[in-house]
């Protein structure tokens, strides 16, 4: 995705697009092949936004794992044979790579559980499994 697309897609919190790029998120220019593939995905999965179709097309064409929590995008990715990961996986990886401690991880999970249902919509059973 281009930086402009990233800015359009990431609305909250303000400035997160710049921070993600600072932390190493790479932006990509869309190839013609990816563009037409995304167009086909959008026709096949009209419930997806244009940006979701573009992200799925890039992941499929470049063999990337798609990070999403969007149910419609996850379903389309499975149908397209694209590997997907979600928000909880990111936290699991932070623990696995020892970027956060067990205590910090558990606190993250408790905070997610406490705010789940507002801006956060994650499977409560999966959150509870991670709280020790």
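Residue numbers (our numbering): 46 to 177. Note that beta-carbon positions come from the ideal geometry of N, C-alpha and C, so glycine has one too.
Inter-residue Cα distance where the pair is residue i and residue j
i	j	result
residue 66	residue 112	16 Å
residue 110	residue 69	16 Å
residue 57	residue 78	In this prediction, residue 57 has a pLDDT of 47, which is less than 50 and means its spatial position is unreliable; what the coordinates show is noted afterwards. Approximately 30 Å, taken between the alpha carbons.
residue 157	residue 125	30 Å
residue 51	residue 74	In this predicted model, residue 51 has a pLDDT of only 49, less than 50, meaning its place in the structure is not dependable enough to derive any value.
residue 89	residue 122	12 Å
residue 63	residue 97	20 Å
Per DSSP, the bridge partner or partners of residue i
i	result
residue 130	112
residue 165	161
Residue nearest to residue i in terms of C-alpha spacing, selected from the options
i	options	result
residue 166	114, 151, 174, 149	114
residue 76	105, 90, 176, 94	105
residue 175	103, 133, 108	133
Quick check: the segment 139-157 against the segment 110-124, are there 3 or more CB pairs under 8 Å?
They do not touch, by the three-pair rule.
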